[in-house]
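In my numbering, the protein residues as written are 269 to 447. These notes are about the structure you will find just below.
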C-alpha cells in the first residue's frame, strides 16, 4: 500500500463505532465499489476503495472499519496537500451518496491514462514483448495494421516514449506524480 507520507491524496481518518441509524455512519458493508482493507502491523488499517480508473485511500490509524458502522473524523493538516485530500473527500462523499464516483471526479488528472499506458508498455517490454505487440496492446490491431509500416514511424516512437516514461515511473518517478 502507498504510504500516506508519499501520496498526498491519502486521507487520514479516525473511526469511532456508531449506530447504524446514525446519518453520518460509514459502513463498508454498504459500499458497492471494489474494496480492500489491510491491517497494519502495530494497529490501524489501510482502506482502498475503487478500481484502476478511480481510487480513494483512507488511512485509519485509530479504530477499525471492519466491525460495523463507524463515524469518521477526518484529519486535514496544512495546505500543501490540501487540494489532493479534498478531492479524496469529494470522491468519498460522492461514493456514499451516489454509490459510485462520478466521471468528473474519477479522472481528475487526464494524464492518468497516459501513465497507465506507460506502465503497461514498460511491463510488456520487461517481459520481452516486441514493440509492435506492445503497440497492439496499447492502440489496437486496426491502428497497428494501418500505421505500423507507414513512412513516419510515429507509432513506433509513441511506443518507445511510453516505455521510457514507464521506466522513469517504475524507478521512482511516480513520486513526482503524487505531488
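From the three backbone atoms N, C-alpha and C, an ideal C-beta is built for every residue, glycine too.
C-beta contact flag for residue 389 and residue 431 at 9 Å: For this step, residue 389 is matched to residue 121 along the chain shown. For this step, residue 431 is matched to residue 163 along the chain shown. For residue 389 and residue 431, yes; Cβs fall inside 9 Å.
Continuous alpha helix (DSSP H) assignments of at least 4 residues falling wholly in the stretch 368-399: Segments of the alpha helix (DSSP H) lying fully in the stretch 368-399: 371-374 and 379-394.
Proximity below 9 Å, CB of residue 369 to CB of residue 333: Here residue 369 refers to the residue found at position 101 when the chain shown is read from its first residue. Here residue 333 refers to the residue found at position 65 when the chain shown is read from its first residue. The Cβ-Cβ distance between residue 369 and residue 333 does not fall below 9 Å.
Endpoints, beta strand (DSSP E) assigned at residue 324: On the chain shown, position 56 is the one that residue 324 refers to. Per DSSP, residue 324 belongs to the beta strand (DSSP E) from 322-330.
Where the alpha helix (DSSP H) containing residue 434 begins and where it ends: As a working mapping, residue 434 is identified with position 166 in the chain shown. 422-436 is the span of the alpha helix (DSSP H), which, as asked, contains residue 434.
One or two residues paired with residue 351 in a DSSP bridge: Within the chain shown, the letter at position 83 stands for residue 351. DSSP output for residue 351 lists no bridge partner at all.
For residue 441 and residue 408, the rounded distance between their alpha carbons: Position 140 of the chain shown, counting from 1, holds the residue named residue 408. Position 173 of the chain shown, counting from 1, holds the residue named residue 441. Approximately 27 Å between the Cα atoms of the pair.
Segment contact, 8 Å Cβ cut-off, at least three pairs: the stretch 352-365 with the stretch 389-402: When Cβ pairs closer than 8 Å are counted between the two stretches, the stretch 352-365 is seen not to touch the stretch 389-402, the count staying below three.
Coarse secondary structure for residue 333, derived from DSSP in three states: Residue numbering aside, residue 333 sits at position 65 when the chain shown is read from its first letter. Residue 333 falls in the coil class under three-state DSSP.
Residues near residue 325 by beta carbon distance below 6 Å, same chain, minus five either side: As a position in the chain shown, residue 325 is number 57, starting the count at 1. For residue 325, where only same-chain residues beyond five positions count, the Cβ hits under 6 Å are 278 and 316.
Inter-residue Cα distance where the pair is residue 349 and residue 411: Here residue 349 refers to the residue found at position 81 when the chain shown is read from its first residue. Here residue 411 refers to the residue found at position 143 when the chain shown is read from its first residue. Between residue 349 and residue 411, the alpha-carbon positions lie close to 40 Å from each other.
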